[in-house]
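**Q** Structure in C-alpha cells, see below.
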Amino acid sequence: MDIVKYFDESVLQMQALYPENEAKELMYWLYEDILLIKKAHLHLFSKELSFTEELQLNTLKNRLLSGEPIQYVLGYAYFMDLLIHVNPTVLIPRPETEELVQAVITSYQTWAEPKPTAIIDICTGSGCIALALKKALVEPSLFALDISEEAIKTAQYNATQLKLAIQFERLSVLDETGLNYLKQTEAAIWVSNPPYISEAEKAQMHVNVLQYEPHLALFVASDDTILFYRKISKAFCLNPNAQELYFEISEFQLEAITNMANELGLKAAFKKDLQEKWRILVLKK
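No gaps in the numbering here: position 92 of the sequence shown is 1041 in the working numbering, and each next residue is one more.
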C-alpha cells in the first residue's frame, strides 16, 4: 500500500479514540520511528510499504487502537533534551514536569555562592527529573528515591544509557526509613512530582492513562490528596541542610497546600505552567 494512503486510513481508524490532530501526530511519530520518514517529508514522494513494514506498522497501530500510549508502544519518550526509556512501571514524562525542572535549574543558576552541592528528586519514576537536572547543572550531586523496584531499575537504565551519575535509593517517603533518609540528606534543593490525583478523578481520565500507566505513581486516596506533600514537607522542615522544595501539584490543591505550608511555617509560592494552570509550588523556610 502507498504510504500516504496507509497514513490517511490509519488516522481515520484512530479517530475512534483520539481527536484528528492527535491521531495524525501519533501516525507521524510511528512513521518517523519505523520508516524514518519525517512529518514534513511524507507528501513529498511516493513509496509503497513493503510487506514487513506494513506488518510492523499494523502491530504497533493496533496497540495504539487499544489505548496504549505511543511512548510505551515505542519504548521511549522525549523529556527536555533527553530521550528517556519508559515502560508501564513508570509514568510518561509530561511537558509541565519540564517546567518544574526548569524552575529548579533557574534557581540553582542564580543562587549566590556557595551553590548547593546536592539535589534530591523524590518519587523519581523514570528518573527524568534527576537526569535532566544532572545534564543541565553537572556540578551538584543528584540523589533520587522511589518506592518501586521496577521504577528504580528503569531509572538506573536511563542513567547508564545517558552516562549521567545519579545515586538511586529504593525508599518510600510514607514510612520511617524513607523519612529518616530525607531528614538526613545533604541536599539543599528538593524536587518532587509525587502521586496527587484523587481516586475520585479516575472517571475523568483517558483510557490510555487508566489502563496502562502505573496507579502507584498516580493516585492517592480521595480523603487525603496531599499526603505525599505533607510527609515530604515535614521532613524538609526537620532537615537543617534543606532550603528549597519544588513540587508539581494539581491546580485543585492550592487551598489545602497553602494551609499545610502555613501550619508548617513555610513560605509558599505558586507558579502557573504554559497552560495557565497552577502546577508548580516552591516552598522555603
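Where a beta carbon is used, it is the ideal one built from N, C-alpha and C, also for glycine.
Report the rounded CA-to-CA distance for ASN1107 versus LEU1023, giving the unit in angstroms.
**A** The count along the sequence shown starts at 1 and reaches residue 1107 at position 158. The count along the sequence shown starts at 1 and reaches residue 1023 at position 74. Taking the straight line from one Cα to the other gives about 15 angstroms.
**Q** What's the gap between the Cα of LEU1165 and the Cα of ILE1041?
**A** Indexing the sequence shown from 1 puts residue 1165 at position 216. Indexing the sequence shown from 1 puts residue 1041 at position 92. Unreliable placement is indicated for LEU1165, whose pLDDT of 49 sits below 50; no coordinate value is reported for it.
**Q** May I ask you to verify whether the stretch 1007-1024 touches the stretch 968-979, counting CB pairs closer than 8 angstroms and requiring at least 3?
**A** Touching, yes.
**Q** So, do the stretch 1090-1102 and the stretch 1114-1122 have three or more beta carbon pairs nearer to each other than 8 angstroms?
**A** yes
**Q** Rounded to the nearest angstrom, what separates LYS973 and VAL960 at their Cα positions?
**A** Counted from its first residue, the sequence shown places residue 973 at position 24. Counted from its first residue, the sequence shown places residue 960 at position 11. If I take the Cα positions, the gap works out to 6 angstroms.
**Q** Give the straight-line distance between the Cα atoms of GLY1074 and PRO968, rounded to the nearest whole angstrom.
**A** Walking along the sequence shown from the start, residue 1074 turns up at place 125. Walking along the sequence shown from the start, residue 968 turns up at place 19. GLY1074 and PRO968: Cα-Cα distance of roughly 29 angstroms.
**Q** Thinking C-alpha only, which one of ILE1069, LEU1013, ILE983 and ILE1033 is nearest THR1001?
**A** For this step, residue 1001 is matched to residue 52 along the sequence shown. Checked all of ILE1069, LEU1013, ILE983 and ILE1033; the closest Cα to THR1001 is ILE983.
**Q** Could you pull out every residue in the same chain whose Cβ sits closer than 6 angstroms to the Cβ of LEU1032, ignoring the five residues on either side in sequence?
**A** For the purposes of this step, residue 1032 is identified with residue 83 of the sequence shown, where counting begins at 1. Excluding residues within five positions, the ones whose Cβ falls inside 6 angstroms are TYR1025.
**Q** Are LYS1136 and GLN1192 touching if we call contact CB-CB under 7 angstroms?
**A** The residue you call residue 1136 lines up with position 187 of the sequence shown. The residue you call residue 1192 lines up with position 243 of the sequence shown. Looking at the sequence provided, one finds Ala at residue 1136 rather than Lys. In this structure, GLN1192 does not lie closer than 7 angstroms to ALA1136 by Cβ.
**Q** So what does DSSP say about ALA1137, is it helix, strand or coil?
**A** Here residue 1137 is taken as the residue at index 188 of the sequence shown, counted from 1. Reduced to three states, the DSSP call for ALA1137 is coil.
**Q** Determine the DSSP secondary structure at TYR1130, reduced to helix, strand or coil.
**A** As a first step, residue 1130 must be located in the sequence shown, where it is residue number 181. DSSP places TYR1130 in helix when its eight states are reduced to three.
**Q** Is ASP957 helix, strand or coil when you go by DSSP?
**A** To locate residue 957, count along the sequence shown from 1; it is residue 8. If DSSP states are grouped into helix, strand and coil, ASP957 belongs with the helices.
**Q** Taking only the alpha-carbon atoms, compute the straight-line gap between ALA989 and ASP957 and give it to the nearest angstrom.
**A** As a working mapping, residue 989 is identified with position 40 in the sequence shown. As a working mapping, residue 957 is identified with position 8 in the sequence shown. Going by the C-alpha atoms only, they are around 15 angstroms apart.
**Q** According to DSSP, is TYR1057 part of a helix, a strand, or is it coil?
**A** Residue numbering aside, residue 1057 sits at position 108 when the sequence shown is read from its first letter. Helix at TYR1057.
**Q** Given that a residue counts as buried once 16 or more other Cβ atoms are within 10 Å of its Cβ, and exposed if not, what is GLN1202?
**A** Start at 1 with the first residue of the sequence shown, and residue 1202 comes out as number 253. A residue is called buried once 16 or more other Cβ atoms fall within 10 Å of its Cβ, and GLN1202 is buried on that count.
**Q** Looking at TRP1227 and LYS1233, is the spacing between their C-beta atoms short of 7 angstroms?
**A** In the sequence shown, residue 1233 corresponds to position 284, counting from 1. In the sequence shown, residue 1227 corresponds to position 278, counting from 1. No, these two residues do not count as a Cβ contact at 7 angstroms.
**Q** Run through DSSP, which three-state label would PHE1000 get?
**A** Against the sequence shown, residue 1000 aligns to sequence position 51. Helix at PHE1000.
**Q** Looking at the structure shown, is ILE1071 part of a helix, part of a strand, or coil, going by DSSP?
**A** Here residue 1071 corresponds to residue number 122 of the sequence shown, with the count starting at 1. Three-state DSSP puts ILE1071 in a strand.
**Q** Give me the residue from ALA1217, GLU1200, LEU985 and ASN1188 with the minimum Cα distance to GLU1045.
**A** Taking the sequence shown and counting its residues from 1, the one referred to as residue 1045 is at position 96. It is GLU1200 whose Cα lies nearest to the Cα of GLU1045.
**Q** Decide if GLY1214 is buried, meaning its Cβ has at least 16 other Cβ atoms within 10 Å, or exposed.
**A** The count along the sequence shown starts at 1 and reaches residue 1214 at position 265. The residue is exposed, with fewer than 16 neighbouring Cβ atoms inside 10 Å.
**Q** Ignoring anything shorter than 3 residues or poking outside the stretch 1180-1212, list the beta strand (DSSP E) runs there in chain order.
**A** 1193-1197
**Q** What number of angstroms, rounded off, separates the C-alpha of LEU1094 from the C-alpha of MET1209?
**A** The residue you call residue 1094 lines up with position 145 of the sequence shown. The residue you call residue 1209 lines up with position 260 of the sequence shown. Their Cα atoms are separated by approximately 23 angstroms.
**Q** Is ARG1043 helix, strand or coil by DSSP?
**A** Here residue 1043 refers to the residue found at position 94 when the sequence shown is read from its first residue. Note: ARG1043 maps to coil in three-state DSSP.
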